[in-house]
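Some notes on the structure that comes next.
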DNA sequence: ACATAAGCGGAGAGGTGCTTCCACTTAGGC
DNA sequence: GCCTAAGTGGAAGCACCTCTCCGCTTATGT
C-alpha cells in the first residue's frame, strides 16, 4: 500500500464504514447471525472457533472482522440494546406510571432470561465500549424518571431506590439457568413477588428495609457468578 | 505387594478410614484448609494447582488424596452442610413459626453470599455424592415443614410453594458477585423485599401470582449462570 | 479477460488447566 | 539403625482456547 496515489480508483468502493467487498459483507452478516445464536444458546463465552464454524467461515475471517471478542459482542447486541431502549421509552410514554414501571421490569427481565449473555453484554459491559457507556447513562436516566413518576403516582413505595432495579436484574440473572421455559416461569414468578413488595401499600413502617446496597448498573460487571 | 501374608504387621496402622501416615494426614488437613479458603475467595472453579500451591504440596498429592474435584468439594463443605442443617433445626425449633421461616431464609442467604461456592456445592451438588443426596432430602423435608407451619400460623400466604424457596436461593445467587460487603447488603435488601411479599397480608387476590416454576432444590444444577 | 488488492481458511504458536507417571524421600515397625 | 511401603513433588501428556501468519482464491474496475 504505497502512499503513491497515482491511481486510487481501485480501493474506492462504497467508501463508507461498510467499504467491504460484497462477499466479505455477506460473511460479516453470517458471522453476526451465528454469534447471535451462539451467544443466546451458550452464553458469551462460547469459543470463537465455534462461532466461526457455525458461520461457515474460518477463524481468521472472524478475527479479521472482529479483532476482539468485545467488538463482536458490541455489534451483536446492538439491536438488543435498541429493543431495551424502546422498552424504556414505551414505559415512559405510558400514561399510567405504575403500569409503565411494572411492564418495564417485566419485559427487561424476560429479555434477560430469553437471551443469555444479554445482561452480560448490556450491564457487564466492557467498560470501554463507548456506545455502551452512552446507552447505560441513557438507561439510568430513564430508570430514574420511571421511578420518580411511579412514586409520584403513589404506587411505588417511597423507600424504593433506583439501585433496587439493579438488584432486580442481578436477582433475575440468578434465575437464568436451565431450560428457557422453566427459567422464564421462574423469572415471572420472582418478578411478580418483587413487584408486589415494591408497591406502596406493602411497605411496613414497623419493619423497614435494610439500607440499599450501593449498586449502580455497572455493578453487574464482575459477572463471576457461576 | 505380594499376597504372601507372612508378615502383615507393617501395613496395620490405625486401620480406620483415616489409616494414613501422620505426615499424609497433616497434608490432607492443609489441603482442606487451602481449598476452603480458595473456594470461598475464588469460587469452586479455582484451578486445582492453585489449591495445591496454597497448601504447599504438589498437585499429585492433592489428586492422590482427592481423585476428583467433586470429592474435594464434598469434603470441604461438609461442615458448611452441618451449619446449614443446624439452621433448619433452629428454625423448626422456633415457637414462632413465621420468625423461624424468616430467619432460616435470612441465614441461608447470608451463608450463600459469604461463601461463594457454598450454593454450588450444596445445591448444584454433584448428583452422585450420596451424602449430599441425603442432606438434600433432609433439607427438603425441613423446608416443607417450615412452610407448612408458617402457613398454619397465618403469616405465610397460601399460594406460596416450597419451590419458591429455590427461587429465593437462585435469585440470591445472582447477587453474590462483587465484594462481600456489597453483596451482603444487596442480599439483605432483596431478602427483605421478598419476605414482605411472602406475607399473607400482601397477597392480592385481584392480582394472582404466575404459576410456580417446577423447581426442586436440584434445579440449581446447571449452574452455568455467568 | 486480466491484473490486483481484498479476502479467505487452516495450520500452528502460545497459554492455561487437568490428570498421570515415575524416580526420589521418609515415616515408622522391627 | 534398617528396611519397606507409603508418600511426595515435578515433569510431561492431553485437551482446549485464543490469536497470528501466510500462501491461495476471488471479486471487481478497467
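Chains as they are written, first to last, in my numbering: chain A, 1 to 226; chain B, 227 to 452.
All C-beta atoms in this analysis are idealised placements derived from N, C-alpha and C, irrespective of residue type, glycine included.
On a predicted model such as this, the values are computed, not experimentally measured, just so you know.
For residue 384 of chain B, which residues in chain A fall below 9 Å Cβ to Cβ?
-> Residue numbering aside, residue 384 of chain B sits at position 158 when the second chain is read from its first letter. By Cβ distance, chain A contributes nothing, its closest Cβ being about 14 Å from residue 384 of chain B, past 9 Å.
In angstroms with no decimal places, state the Cα-to-Cα distance between residue 99 of chain A and residue 176 of chain A.
-> For the purposes of this step, residue 99 of chain A is taken as the residue at position 99 of the first chain. For the purposes of this step, residue 176 of chain A is taken as the residue at position 176 of the first chain. Taking the straight line from one Cα to the other gives about 24 Å.
Taking only beta-carbon atoms, is residue 171 of chain A less than 8 Å away from chain B?
-> For the purposes of this step, residue 171 of chain A is taken as the residue at position 171 of the first chain. Judged by the 8 Å Cβ criterion, residue 171 of chain A is in contact with chain B.
Could you tell me the distance, in whole angstroms, from the CA atom of residue 376 of chain B to the CA atom of residue 316 of chain B?
-> Residue mapping note: residue 376 of chain B aligns to position 150 of the second chain, counting from 1. Residue mapping note: residue 316 of chain B aligns to position 90 of the second chain, counting from 1. Each residue's alpha carbon lies about 14 Å from the other.
Use the C-beta contact count for residue 201 of chain A: other C-beta atoms within 10 angstroms, 16 or more gives buried, fewer gives exposed.
-> In the first chain, counting from the first residue as 1, residue 201 of chain A sits at position 201. By the Cβ-count criterion, residue 201 of chain A is exposed, with fewer than 16 other Cβ atoms from all chains shown falling within 10 Å of its own Cβ.
Output the distance between the C-alpha atoms of residue 246 of chain B and residue 293 of chain B, rounded to the nearest integer angstrom.
-> The residue labelled residue 246 of chain B in the question sits at position 20 within the second chain. The residue labelled residue 293 of chain B in the question sits at position 67 within the second chain. Here the C-alpha atom of residue 246 of chain B lies approximately 16 Å from the C-alpha atom of residue 293 of chain B.
In whole angstroms, what is the alpha-carbon distance linking residue 253 of chain B and residue 305 of chain B?
-> For the purposes of this step, residue 253 of chain B is identified with residue 27 of the second chain, where counting begins at 1. For the purposes of this step, residue 305 of chain B is identified with residue 79 of the second chain, where counting begins at 1. Looking at the two C-alpha atoms, the distance is approximately 19 Å.
Going by the beta-carbon positions, is the gap between residue 339 of chain B and residue 409 of chain B smaller than 8 Å?
-> Along the second chain, read from residue 1 onward, the residue named residue 339 of chain B stands at position 113. Along the second chain, read from residue 1 onward, the residue named residue 409 of chain B stands at position 183. For residue 339 of chain B and residue 409 of chain B, yes; Cβs fall inside 8 Å.
Report the residues of the region 413-425 of chain B with a CB closer than 9 Å to any CB of chain A, ordered along the chain.
-> 413, 414, 415, 416, 417, 418, 419, 420, 421, 422, 423, 424, 425
Can you say whether residue 297 of chain B is buried or exposed, counting buried as having 16 or more other CB atoms within 10 angstroms of its CB?
-> Position 71 of the second chain, counted from the start, is the residue given in the question as residue 297 of chain B. Result: exposed.
Limits of the alpha helix (DSSP H) - the one that residue 189 of chain A falls within = In the first chain, residue 189 of chain A corresponds to position 189, counting from 1. Run containing residue 189 of chain A: 180-198, per the alpha helix (DSSP H) assignment.
Could you tell me the boundaries of the alpha helix (DSSP H) in which residue 334 of chain B lies?
-> Here residue 334 of chain B refers to the residue found at position 108 when the second chain is read from its first residue. Residue 334 of chain B -> alpha helix (DSSP H) spans 323-340.
Leaving aside the five residues before and after residue 154 of chain A along the sequence, list all residues of the same chain whose C-beta is less than 8 Å from its C-beta, in chain order.
-> The sequence position of residue 154 of chain A within the first chain is 154, counting from 1. So the list reads 200, once near-sequence residues are dropped.
Between residue 144 of chain A and residue 162 of chain A, which are expected to be in contact by the criterion C-beta below 8 Å, what is the C-beta distance as a whole number of angstroms?
-> Residue 144 of chain A sits at position 144 when you count from the first residue of the first chain. Residue 162 of chain A sits at position 162 when you count from the first residue of the first chain. Correct: roughly 5 Å between the Cβ atoms.
Where do the N-terminal and C-terminal ends of the alpha helix (DSSP H) with residue 23 of chain A fall, by residue?
-> Reading the first chain from its first residue, position 23 is the one you call residue 23 of chain A. Note, residue 23 of chain A: alpha helix (DSSP H), 22-42.
Under a CB-based cut-off of 8 Å, is residue 154 of chain A close to chain B?
-> For the purposes of this step, residue 154 of chain A is identified with residue 154 of the first chain, where counting begins at 1. Closer than 8 Å: no.
Going straight from the alpha carbon of residue 64 of chain A to that of residue 30 of chain A, what length do you get?
-> Looking up residue 64 of chain A in the first chain gives position 64. Looking up residue 30 of chain A in the first chain gives position 30. Rounded to whole angstroms, residue 64 of chain A to residue 30 of chain A spans 14 Å at the Cα level.
Within chain B, partners of residue 47 of chain A - CB distance below 9 Å | For the purposes of this step, residue 47 of chain A is taken as residue 47 along the first chain, with counting starting at 1. Residues of chain B with a Cβ closer than 9 Å to the Cβ of residue 47 of chain A do not exist; the shortest Cβ-Cβ separation is about 14 Å.
When you compare only the Cα positions, how much space is there between residue 157 of chain A and residue 271 of chain B?
-> As a first step, residue 157 of chain A is located in the first chain; it is residue number 157 there, counting from the start. As a first step, residue 271 of chain B is located in the second chain; it is residue number 45 there, counting from the start. Distance between the alpha carbons of residue 157 of chain A and residue 271 of chain B: 40 Å.
Residues bridged to residue 298 of chain B by DSSP?
-> Walking along the second chain from the start, residue 298 of chain B turns up at place 72. Beta-bridge pairing by DSSP links residue 298 of chain B to no other residue.
Length of the line joining the Cα atoms of residue 398 of chain B and residue 171 of chain A | Walking along the second chain from the start, residue 398 of chain B turns up at place 172. Walking along the first chain from the start, residue 171 of chain A turns up at place 171. Rounded to the nearest whole angstrom, the CA to CA distance from residue 398 of chain B to residue 171 of chain A is 6 Å.
Could you say which of A:87, A:180, A:140 lies nearest to residue 164 of chain A if we only look at CA atoms?
-> Looking up residue 164 of chain A in the first chain gives position 164. It is A:140 whose Cα lies nearest to the Cα of residue 164 of chain A.
Which residues in the same chain have their Cβ closer than 7 Å to the Cβ of residue 198 of chain A, if we skip the five residues on either side of it in sequence?
-> For this step, residue 198 of chain A is matched to residue 198 along the first chain. The answer, listed in chain order, is 156, 157, 160.
Chain-order list of residues whose beta-carbon lies under 8 Å from that of residue 168 of chain A (same chain, five-residue window excluded) | As a working mapping, residue 168 of chain A is identified with position 168 in the first chain. The beta carbon of residue 168 of chain A sits closer than 8 Å to the beta carbons of 105, 109, 191, 194 from its chain, once the five residues preceding and following it are set aside; these are given in chain order.
Measuring CB to CB, does residue 280 of chain B end up less than 8 Å from residue 309 of chain B?
-> By 1-based counting over the second chain, the position of residue 280 of chain B is 54. By 1-based counting over the second chain, the position of residue 309 of chain B is 83. No; because the gap between Cβ atoms is not below 8 Å, this pair is not in contact.
Thinking just about the alpha-carbon of each residue, which of B:407, B:415, B:437 is nearest to the one in residue 189 of chain A?
-> Start at 1 with the first residue of the first chain, and residue 189 of chain A comes out as number 189. For the options B:407, B:415, B:437, the alpha carbon positioned closest to that of residue 189 of chain A is the one of B:437.
Hey, is residue 174 of chain A's beta-carbon within less than 8 Å of any beta-carbon in chain B?
-> Taking the first chain and counting its residues from 1, one reaches residue 174 of chain A at position 174. At least one chain B Cβ lies under 8 Å of residue 174 of chain A.
Best match in A:57, A:134, A:32, A:40 for proximity to residue 85 of chain A [C-alpha to C-alpha] | For the purposes of this step, residue 85 of chain A is taken as the residue at position 85 of the first chain. Ranking A:57, A:134, A:32, A:40 by Cα distance to residue 85 of chain A puts A:134 first.
Within its chain, find whatever has a CB closer than 7 Å to the CB of residue 59 of chain A; leave out the 5 residues flanking it on each side and keep chain order.
-> Reading the first chain from its first residue, position 59 is the one you call residue 59 of chain A. Within its own chain, the residues whose Cβ lies closer than 7 Å to the Cβ of residue 59 of chain A, once the five positions on either side in sequence are excluded, are 48, 49, 52, listed in chain order.
Where does residue 2 of chain A sit, in a helix, a strand or coil, going by DSSP?
-> Numbered from 1 along the first chain, position 2 holds the residue referred to as residue 2 of chain A. In this prediction, residue 2 of chain A scores a pLDDT of 36, lower than 50, which makes its location untrustworthy; the coordinate-derived value is nonetheless stated afterwards. Looking at residue 2 of chain A - three-state DSSP - the assignment turns out to be coil, as it is neither helix nor strand.
Over what stretch of residues does the alpha helix (DSSP H) that includes residue 320 of chain B continue unbroken?
-> Your numbering for residue 320 of chain B matches position 94 in the second chain. That residue, residue 320 of chain B, is in no alpha helix (DSSP H); it is neither H nor E in DSSP.
Within-8 Å CB hit, residue 437 of chain B to chain A = Residue mapping note: residue 437 of chain B aligns to position 211 of the second chain, counting from 1. So yes, residue 437 of chain B belongs to the interface.
Residue 392 of chain B to residue 295 of chain B span [Cα, whole Å] | For the purposes of this step, residue 392 of chain B is taken as the residue at position 166 of the second chain. For the purposes of this step, residue 295 of chain B is taken as the residue at position 69 of the second chain. Going from the Cα of residue 392 of chain B to the Cα of residue 295 of chain B covers about 25 Å.
Contacts of residue 167 of chain A in chain B (Cβ-Cβ under 7 Å) | As a working mapping, residue 167 of chain A is identified with position 167 in the first chain. 412, 415, 416, listed in chain order.
Could you pull the start and end residues of the alpha helix (DSSP H) that residue 174 of chain A belongs to?
-> Counted from its first residue, the first chain places residue 174 of chain A at position 174. Counting along the chain, the alpha helix (DSSP H) containing residue 174 of chain A begins and ends at 163-175.
Where residue 411 of chain B and residue 25 of chain A are concerned, what is the direct C-alpha to C-alpha distance, given to the nearest angstrom?
-> By one-based count along the second chain, residue 411 of chain B stands at place 185. By one-based count along the first chain, residue 25 of chain A stands at place 25. A straight line joining the alpha-carbon of residue 411 of chain B with that of residue 25 of chain A spans about 48 Å.
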